[in-house]
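Residues in the sequence shown are numbered from 90 upward in steps of one, following the working numbering. Even for Gly, the Cβ is constructed at its ideal location relative to N, Cα and C. None of the values given here were measured: they were computed from a predicted structure. What follows is one structure encoded as structure tokens, with my remarks underneath.
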Amino acid sequence: MEKGARHRNNTEKSHPGGSKSDTTPESGSGGGGVALKKEIGLVSACGIIVGNIIGSGIFVSPKGVLENAGSVGLALIVWIVTGLITAVGALCYAELGVTIPKSGGDYSYVKDIFGGLAGAEDPQRLWIAVLVIYPTNQAVIALTFSNYVLQPLFPTCFPPESGLRLLAAICLLLLTWVNCSSVRWATRVQDIFTAGKLLALALIIIMGVVQICKGEYFWLEPKNAFENFQEPNIGLIALAFLQGSFAYGGWNFLNYVTEELVDPYKNLPRAIFISIPLVTFVYVFANVAYVTAMSPQELLASNAVAVTFGEKLLGVMAWIMPISVALSTFGGVNGSLFTSSRLFFAGAREGHLPSVLAMIHVKRCTPIPALLFTCISTLLMLVTSDMYTLINYVGFINYLFYGVTIAGQIVLRWKKPDIPRPIKINLLFPIIYLLFWGVLLLWEPVVCGTGLAIMLTGVPVYFLGVYWQHKPKCFNNFIELLTLVSQKMCVVVYPEVEGGSGTEELNEDTEEQRQPIYQPTACKDKDSEQPQP
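Here it is as structure tokens:
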């Protein structure tokens, strides 16, 4: 996209698609000293990972995993293996996150390693993320929240669709306001609701332990656990892993906010080592608890597994489960808004989205335009009635992008073997990850084909928005006017960056450019406090 009215003139001269100087405002723009604040400590980092992973998935996916696995025992194995593979992917991202410590996650990594259209995720990732991935995921989570809030009020029927969408919209607007107001408020909301959902899942696990102590473990005995209720099929097992991976979605979200992470070299890997095993433990034992109270047939007949579980064991206290799911999904919407807005912020900073999305509030230091853009695109998705087929294609696109990113890790080892790597994992990890998901995705040719078609829509966007530099003057004037108006309405400026960006450094061969370290300056405002430990 063309630069806004207040962007620097030297940007297009040396870096047509955006540059390492894209984050520094012009003199007189009022942006001196403004940057994303480092306010995310280890506790909040763990909260972001756990909060984004544990959402509606654990209350929906158990049915899909069991249905495709064909037995209770194999379903539990799928949950464990999916957790291990997720940990492998997170370790790969940890190395990339401290080698290229920039907000934007896989988008930033692929652009640094491959550059331009060759990065496959460069404009395509943003295009799909803006129009499909994040709006769809956030809309589904928000609708799940409203469904579980309203369902107790309509015990004999389904809640009205208009009420569901209205409450989902209120949820999105409220959390967008919180995220626009303060990074600290947003992370505190994440911490609180992460604790709430863990307490809810702890209740499920405790009830499962009580059931086991009572001798209710028929479906956990090996001879019964591996009793197939359908003929085993490799294709169905692959689908079971894909269903399980939906519940683990969000494991890479901390990499989107690396610039706001306190001491990322230490806290990024620590947060991964704490959060992924915790989530895997919770998921496995939650599924163990489910089968202590329900037979496989009962579980497969339920569209709300946790609610059915609560009705069977909690009696008059069964209302706890809908509230628990609502708390979980509320935190999930907050975490997704927080991280997806940073992806759009990073993309705009590189020139692949309107430049106003790369601005932050002059006092709050929050990316208000990116947050508003994320909110509006999600609200538009709420008018769509059938989103579940689209989610299948989104899953394929996500894992294709993850694969490109992790393949880039191998390429970076080969191209730049001497750059500083505070974390350096064995190359077997990315190879295992790529082989595992590569085999699984081959079993879904229709989904793969449709997903590729959606992804390729990013190619014309790249040529029209990034590659085509000499646009008509009237178009440029309109973009500049729109940027200036948006800047004044939101009271935002371009953030200032200390030193150089690491974006182009990985694409040069000089010794000086082997420092892929990207550190924005600190910014303090009236509600700024000391970072959390």
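When you compare only the Cα positions, how much space is there between residue i and residue j?
i, j, result
"K152", "E310", "20 Å"
"W503", "V548", "27 Å"
"E156", "F374", "18 Å"
"C579", "G420", "25 Å"
"T245", "N565", "57 Å"
"D195", "L388", "36 Å"
"N268", "G140", "15 Å"
"H441", "L215", "8 Å"
"L545", "L220", "13 Å"
"L523", "E569", "43 Å"
"K127", "I361", "18 Å"
"A415", "Y491", "29 Å"
"S160", "N322", "12 Å"
"L263", "F552", "37 Å"
"A291", "V371", "8 Å"
"Y583", "L426", "21 Å"
"F315", "R273", "47 Å"
"L367", "F462", "33 Å"
"L288", "I281", "11 Å"
"A257", "T265", "12 Å"
"G538", "L489", "12 Å"
"T276", "Y337", "20 Å"
Count the other CB atoms within 10 Å of the CB of residue i; is the residue buried (16 or more) or exposed (fewer)?
i, result
"H559", "exposed"
"W308", "buried"
"D352", "exposed"
"C464", "buried"
"T381", "buried"
"A164", "buried"
"V396", "buried"
"C260", "buried"
"S251", "exposed"
"N515", "exposed"
"I147", "buried"
"G527", "exposed"
"F567", "exposed"
"A459", "buried"
"A390", "exposed"
"I174", "buried"
"K191", "buried"
"C454", "buried"
With a CB to CB cut of under 7 Å and the five nearest residues on each side skipped, what residues in its chain are close to residue i?
i, result
"N497", "Note on identity: in this sequence residue 497 is Gly, with Asn being the wrong assignment. So the qualifying residues of the chain are Y198, V199, I202 and F203."
"A158", "A164, V167, I326 and A329"
"Q240", "P248 and P411"
"L131", "N356, R359, A360 and P622"
"I363", "C135"
"F335", "G146, S150 and G484"
Can you give me the start and stop residues for the alpha helix (DSSP H) that residue i sits inside?
i, result
"Y306", "No alpha helix (DSSP H) holds Y306; DSSP gives it neither H nor E."
"Q332", "I323 to A336"
"R453", "Where R453 is concerned, there is no enclosing alpha helix (DSSP H), given that its DSSP letter is neither H nor E."
"A360", "P353 to A382"
"Q386", "P385 to L389"
"V396", "V394 to L402"
"M410", "I409 to R438"
"A314", "P311 to A314"
"F525", "L517 to L531"
"T171", "V161 to T188"
"M578", "K562 to C579"
"E250", "E250 to S270"
"L446", "No alpha helix (DSSP H) holds L446; DSSP gives it neither H nor E."
"F318", "It is not in any alpha helix (DSSP H) - F318 carries neither H nor E in the DSSP assignment."
"K127", "Premise fails: K127 is in no alpha helix (DSSP H) and is neither H nor E."
"E349", "First-last for E349: undefined, no H or E at that position."
"F234", "Y223 to L239"
"S145", "Run containing S145: none; DSSP gives neither H nor E here."
"P534", "P534 to M544"
Leaving out the 5 sequence neighbours to the left and right, which residues in its chain are closer than 6 Å to residue i when beta-carbon positions are compared?
i, result
"E618", "A caution first: E618 carries a pLDDT of 46, below 50, which makes its placement in the model too unreliable to give a value."
"Y182", "N341 and N344"
"T494", "D195, Y198 and V199"
"E675", "The requested residue 675 is not part of the displayed model; the chain covers only 90 to 622."
"W532", "G324 and A327"
Please go through the same chain and pick out, in chain order, the residues whose beta-carbon is closer than 8 Å to the beta-carbon of residue i, but skip the five residues on each side of it.
i, result
"G297", "F374, A375, V377, A378, Y379, T381 and A382"
"V472", "R254"
"I543", "I217, V221, Y482 and I486"
"T418", "G144, S145, I230, A231, T233, F234 and Y237"
Given 6 Å as the limit, tell me if residue i has its C-beta closer than that to any heavy atom belonging to the ligand MG.
i, result
"Y488", "In the structure shown, the ligand MG is absent, as is every other ligand, since no ligand is present at all."
Q. Contact between the segment 328-335 and the segment 396-411: three or more CB pairs below 8 Å?
A. no
Q) Do the segment 432-449 and the segment 244-258 meet, that is, are 3 or more Cβ pairs less than 8 Å apart? A) no
Q | Cβ contact check for the segment 482-502 and the segment 510-523: 3 or more pairs under 8 Å | A | yes
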